[in-house]
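A.B. asks:
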Amino acid sequence: MRSATELILLASLACFASADYEGYQVWRIKPTTENQMRWLSYVEENMADEFDFWTGISRIPGHPVDIMVRPNGRGTLRMLLKQQKMDFEIMIDEVNKLVSNQMAEILARRRGEHSIGARLDNFDYNVYHTYDEIQQWVADMASENSDIIEPFLLGKSYEGREINGFRIRGTGSQSANPPGVWFEGGIHAREWVSPSTVMGFTQKLIDQYRLNEDLAVRMFDNIDWYIVPSLNADGYSYTWTNDRLWRKTRSPNAGAACTGTDPNRNWPYQWGGVGTSPWPCSDIYHGSEALSEVEVANVVAFLRKKKAEGQDFMVFIDWHSYSQVIISPWSYLDSDPRTEDYDDQMTMAIAMSDAILATSQKVYGYGAGAEILYPAAGSSKDWGYASFLENRGDTVGGLGAKYSYTVELRDTGEYGFLLPEDQIQDTYDEIHAAVRAIGTHVLNELGL
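According to mature numbering (1 follows the signal peptide of the UniProt record, and there is no 0), the sequence shown holds residues -19 to -1, 1 to 429 in order.
(1) Count the C-beta pairs between the stretch 259 to 270 and the stretch 231 to 241 that are closer than 8 Å, then say yes if the count reaches three, no if not.
(2) What are the start and end residues of the beta strand (DSSP E) that includes residue 135?
(3) Would you give the residue range spanned by the alpha helix (DSSP H) that residue 323 belongs to?
(4) Grab me the residues of residue 274's own chain with a C-beta within less than 8 Å of its C-beta, minus the 5 sequence neighbours each way, in chain order.
(5) Which residue marks the beginning of the beta strand (DSSP E) containing residue 144, and which one marks its end?
(6) Between the Cα of residue 225 and those of 404, 310, 34, 81, spot the shortest distance and give me the residue it belongs to.
(7) What number of angstroms, rounded off, separates the C-alpha of residue 265 from the C-alpha of residue 195?
(8) Given residue 365, which residues of its chain have a CB within under 7 Å of its CB, disregarding the five upstream and five downstream residues?
(9) Are the beta-carbon atoms belonging to residue 431 and residue 17 less than 8 Å from one another?
(10) Under DSSP, the beta strand (DSSP E) around residue 201 begins and ends at which residues?
(11) Assuming residue 221 and residue 148 make a contact with CB atoms under 8 Å, what is their CB distance in whole Å?
(12) Report back the beta-carbon spacing between residue 176 and residue 211 to the nearest angstrom; my notes put them in contact at under 8 Å.
(13) Going by DSSP in three states, residue 420 sits in which element: helix, strand or coil?
(14) Based on the DSSP secondary-structure assignment, which residues constitute the bridge partners of residue 301?
(15) Kindly indicate which three-state DSSP category residue 295 falls into: helix, strand or coil?
(16) With DSSP collapsed to three states, give me the class of residue 396.
(17) Residues in the same chain with beta-carbon distance under 6 Å from residue 373, minus the five sequence neighbours each way, listed in chain order, please.
(18) To the nearest angstrom, how far is it from the Cα of residue 294 to the Cα of residue 369?
(19) If you follow the beta strand (DSSP E) that residue 248 is in, where does it begin and where does it stop?
(20) Classify residue 397 as buried or exposed, calling it buried when 16 or more other Cβ atoms lie within 10 Å of its own Cβ.
(21) Please work out which residues of its chain come closer than 8 Å, Cβ to Cβ, to residue 323, disregarding the five sequence neighbours upstream and downstream, and give them in chain order.
(22) Mapping DSSP to helix, strand and coil, what is residue 349?
(23) Do you know how far the Cα of residue 167 is from the Cα of residue 178?
(24) Under a three-way DSSP split, which group does residue 432 fall into?
(25) Give the secondary structure of residue 96 by DSSP, where H, G and I count as helix, E and B as strand, and everything else as coil.
(26) Please say whether residue 336 and residue 347 have beta carbons closer to each other than 8 Å?
(27) If you run the structure through DSSP and keep just helix, strand and coil, what is residue 211?
(28) Out of curiosity, what's the CA-to-CA distance linking residue 339 and residue 174?
(29) What do you get for residue 4, buried or exposed, if any count of 16 or more other CB atoms within 10 angstroms of its CB means buried?
(30) Going by CA-CA distance only, name the one from 393, 187, 132, 88 that's closest to residue 306.
(31) Span of the alpha helix (DSSP H) holding residue 118?
(32) Hey, residue 302 and residue 390: beta-carbon distance below 8 Å or not?
(33) Can you round the beta-carbon distance between residue 213 and residue 405 to whole angstroms, since I take them to be within the 8 Å contact cut?
(34) Kindly identify the DSSP beta-bridge partner or partners of residue 49.
(35) Is the Cβ-Cβ distance between residue 257 and residue 367 less than 8 Å?
(36) Tell me, please, whether the stretch 157 to 164 touches the stretch 113 to 124 by the rule of three or more beta-carbon pairs shorter than 8 Å.
Right, dumping it as structure tokens:
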């Protein structure tokens, strides 16, 4: 017997407005000069309501930039590119078809299931899950692993959805406040592979811990692991019912018809700077003020409380898609973006990249944010690294995690945000290897 929630979801999927993207294409552009790259950065900041930038703008000449173009925008963009002496290729000819096919496959599978909300004993890690299912997974993981998992309510979203996570601490832990690792997924709503990957590698690590595998035991017994699979609750839910490619939050903007803020431009460190937009219709809109988005404010309040209670964090990672790259701070600086811990940050990033390569032969690049991409202020990773400063107000100071990154998962543009379900397992398998590399690096630094 299906629940009312399950029936409503099936009805929503059946009526999914895939026609919204009729005629849309994704174009790949390869700027080769500094002027061309700066021009694209200007377009992203000032015309993002017209052109949807699927990838960041690289500082590496010839590195591709993917832009989704609406039918009535093709002529304009073609003319602008011609003026800048840039060519393009069509990466995705029919966005609507890709969206429709993905949602149709999900609907067909779910119609054949006895229950959409699968419990932990038959949870399928190799398909995409709704927000409610992800939250149920969090609760079930805590219930089934109560000896090592402590659940927490991070807070509620703008629309009132609970945002839940949990902390993993091994039974052999000897410290009341061991070093912390913070993992969050799904800050951008359309990046579905992010929550799926976080859930997948977490389950694999716990399975290894239960088998007394040496590294997993040492990781859990000496480090606290905080896991929030899906942070942008409202936006992610909206991608299942209304718009598969929605990116932002769902909070209204006073005086504007456009909804939502880019939660990865809303963090309280160097907020409102370069690489953001003051226009509410932009996909990189930074919000009316730092922490205007309750989802971001929830994380900051939670982690500041943990810091005040005496816990230090060594790692902060925001899992995204796509591009296959590991990005360290700083992202807000237009020049000299390397931090004082750059060498150590790159050592860990290289270890992660090497572990991925050995597992799946996939190449993940790495580098400091504004060294490999154009600057973007108010990002999670910059706040995650910035020194924690007490009594300086909400807009100053960050977590102080030495190893703070944005990690962009699969792929490199063939499907973009519409990664097929048959690549989910390969993605969380390779990232599981990367997380083990993180654990090894942290343990070595701690002398354990």
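Ideal Cβ placement from N, Cα and C applies to all residues, glycine included.
Being a predicted model, the structure only gives us computed values, none of them experimental.
C.D. replies: Taking the definition as stated:
(1) yes
(2) 130 to 137
(3) 323 to 341
(4) 139, 230, 232, 242, 244, 247, 268
(5) 143 to 149
(6) 81
(7) 43 Å
(8) 297, 379, 380, 382, 385
(9) No information on residue 431 is available, as it lies outside the stretch -19 to 429 that the chain covers here.
(10) Unbroken run through residue 201 is the alpha helix (DSSP H), 195 to 203; no beta strand (DSSP E).
(11) 28 Å between Cβ atoms; not a contact.
(12) 4 Å
(13) helix
(14) 389
(15) strand
(16) coil
(17) With a pLDDT of only 49 at residue 373, under 50, the local geometry of the prediction cannot be trusted, and the value read off the model is given with reservation. Once the five neighbours on either side are set aside, residue 373 has no close Cβ partner at all.
(18) 10 Å
(19) Looking at the DSSP string, residue 248 is not in any beta strand (DSSP E), and its letter there is neither H nor E.
(20) buried
(21) 309, 349
(22) strand
(23) 10 Å
(24) Since the first residue of the chain shown is -19 and the last is 429, residue 432 is not available in this structure.
(25) Bear in mind that the predicted position of residue 96 carries a pLDDT of just 49, short of 50, making it unreliable; the figure below should be weighed with that in mind. DSSP places residue 96 in coil when its eight states are reduced to three.
(26) no
(27) coil
(28) 21 Å
(29) exposed
(30) 393
(31) 112 to 125
(32) yes
(33) Actually they are not in contact, since the Cβ atoms of residue 213 and residue 405 sit about 19 Å apart, beyond 8 Å.
(34) 7, 33
(35) no
(36) no
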